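Some notes on the structure that comes next.
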Amino acid sequence: MISNHPPHFAIIGAGTAGLATAILLARQNIQVSILEKASELEPVGAGLLLQPSGLAVFEHLGLLDEVLRLGAKVTGLKGQLPSGNLLVNSHYQQAHPDFYGVGIHRATLCHVLENKCREYPALITWQMNTDIQKLEETSDQVRVLGSKDGESFDQAFDAVIIANGARSFLRPKEWVKVDQAYPWGAKWTIVPECLELDTEILHQFHDRSKIMMGILPTGTVPHEPKQRLSSVFWSLPSHQLNNFLHNSQAHSDWLNQVSKRWKPAADWLEQVIAQPEQKSQWLTANYRDVVLSKFGEGRIGVMGDAAHAMSPQLGQGANMALLDAWALGQAVQSARKNENIDYVQLWQTYHQHRQSSTAFYQFLSRLLTPLYQSDLWWAGGLRDLSFAWMYRIPYFRKEMAVTISGLKLGMFSQMNYRDIAKQNNHSV
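Note that the numbering used here numbers the sequence shown so that position 110 is 111, with each residue one more than the last.
Okay, structure coming up:
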């Protein structure tokens, strides 16, 4: 059917994938409605690490300078054992001389993307407090059903992108191969910047596979641009998350646990982590493993954690969401002729961009996560021995840096930063 009006996409979910996708569609003169369950954008979460892959997408969006202004440059990752030996010592320059990462608060990331969306008021419509319950697809549209502000919501769109997170129940059930919770999660909190350790390194601390802590440079938040921050995370089995630091004794025991292994870190934590009665803002992060057989077909697509949630071990979640948005922008551009989109071609192109890379990172995440977060008695020892051996070999050092950079397509292939970062001519 030949259309005489610009395509109108609905994006369900105003997270990283949804907002970045809205920008890249609006650039191509496509109408976008963002359907978000929350009544206003109040991103919860702590810091995250933007890898070179995610930064390439921000350069493509024209937002890299803003991210660099608000975030914290990260040159590498160090993982320390109780002995003081380094389990991980990976630096972005081992992958490419110009590579680096950026630690950033999730609220800041959302702020940067939201502001860019607001530059397209004629093309991007916001529908907040909108809870979508059901999608009905026909040959030429998708009907979206739910509620908005307590009233019935029923609207049709040319296409729908599902980007409402790991626990989404909107993704087509027949596409779902795996959807299960991880038995481990983490507690996160934001504190003033850690100056006792190198401020350009993500510091991690490991003891066997049962203890893992991290300190991530996190930059600033927009309303307090002079206060630089760090994020602290502590890994725990899911059933222990609710009782973490529930009283002063638990707080003291935890600091002692850290001090016995990494005293400088514990001394700093004692200064910045509030006592339980001060209601320190520890956030809970639960993780899921989601694997789909496809990411899109017909007029429905799935992106971000809704499409490929996994353990945060490789630090790729937000970066994969950004790559999803970039890939959809490329796919729409290649599949569009005037006001018509060839959806078969769109998803074929999208899968060419995203399927192999996503499969690689999901496989590696499932392989490595038990070595860091599990009760397996042998896991930590195996990890410590194998990593020490691999870091002696230059080829593996480089491949590990490329992997962390988020640019791998498979075991022996990778994406090119510049191919992602370049800004296409989006005129239609």
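Even glycine gets a Cβ: it sits at the ideal position worked out from N, Cα and C. Here the structure is a predicted model, which means the values were calculated and not measured.
Residue 37 counts as buried, since at least 16 other C-beta atoms from the protein chains shown sit within 10 angstroms of its C-beta. Per DSSP, residue 357 is one residue of the alpha helix (DSSP H) stretching across 344-373. Secondary structure remark: continuous beta strand (DSSP E) runs of at least 3 residues inside the segment 376-426, in chain order: 409-411. A direct Cα-to-Cα measurement between residue 413 and residue 397 gives close to 12 Å.
Non-local C-beta neighbours of residue 303 in its own chain, meaning closer than 6 Å and more than five positions away in sequence, comprise 163, 172 and 296, ordered along the chain. When C-alpha distances from residue 203 are compared across 211, 194 and 63, the shortest belongs to 194.
Judged by pairs of C-beta atoms under 8 Å, the segment 149-161 does not touch the segment 177-196, as fewer than three such pairs exist. Judged by pairs of C-beta atoms under 8 Å, the segment 375-393 does not touch the segment 339-357, as fewer than three such pairs exist. Taking 4 residues as the minimum length, the alpha helix (DSSP H) runs contained wholly in the segment 9-89 are 17-27, 53-62 and 65-71, in order along the chain.
Boundaries of the beta strand (DSSP E) harbouring residue 230: 225-238, taken from the DSSP string. Around the CB of residue 99, fewer than 16 other CB atoms lie within 10 Å, so the residue is classed as exposed. The way I'd put it, the segment 61-77 doesn't touch the segment 369-387; fewer than three beta-carbon pairs between them come closer than 8 Å. Between residue 290 and the set 69, 368, 241 and 25, the nearest pair of CA atoms involves 368. Annotation: the segment 275-318 contains the following complete segments of the alpha helix (DSSP H) (minimum length 4 residues), in chain order: 306-309. In this structure the segment 56-63 touches the segment 414-426; the number of beta carbon pairs closer than 8 Å is three or more.
Between residue 113 and residue 51, the C-beta gap is not smaller than 7 Å, which leaves the two residues out of contact. Taking C-alpha positions only, residue 130 is separated from residue 143 by approximately 20 Å. Residue 105 sits buried, since 16 or more C-beta atoms from the chains shown fall within 10 Å of its C-beta. Listed as beta-bridge partners of residue 218 by DSSP are 231. The shortest C-alpha to C-alpha distance from residue 145 to any of 265, 133 and 92 is the one to 133.
Fewer than three pairs of CB atoms, one per stretch, sit closer than 8 Å, so the segment 80-93 makes no contact with the segment 247-259.
The residue among 151, 273, 232 and 140 with its C-alpha nearest the C-alpha of residue 298 is 140.
For residue 114, the secondary structure class from DSSP, reduced to helix, strand or coil, is helix. If you draw a 10 Å sphere on the C-beta of residue 220, you find 16 or more other C-beta atoms in it, and that means buried. Between the segment 15-34 and the segment 352-364, the count of C-beta pairs closer than 8 Å stays below three; the two stretches do not touch. In this structure residue 373 is in contact with residue 207, their Cβ atoms being roughly 7 Å apart against a cut-off of 8 Å. Contact check for residue 124 against residue 32 passes: the beta carbons are separated by less than 7 Å. In the assembly as shown, residue 170 is an exposed residue. Its beta-carbon has fewer than 16 other beta-carbons within 10 Å.
Residues of the same chain with a CB within less than 7 Å of the CB of residue 294, apart from the 5 flanking positions on each side, are 176 and 178 in chain order. Residue pairing by DSSP puts residue 147 in a beta bridge opposite 133 and 154.
Closest option to residue 326, judged by alpha-carbon separation, among 8, 9, 27 and 223: 27.
For residue 268, no beta strand (DSSP E) segment is defined; the enclosing uninterrupted segment is the alpha helix (DSSP H) at 264-273. Assigned with DSSP and collapsed to three states, residue 96 falls in coil, not helix or strand.
Taken through DSSP and simplified to helix, strand or coil, residue 109 comes out as helix. Residues of the same chain with a CB within less than 6 Å of the CB of residue 135, apart from the 5 flanking positions on each side, are 146 in chain order.
Beta bridge pairing from DSSP links residue 208 with 212.
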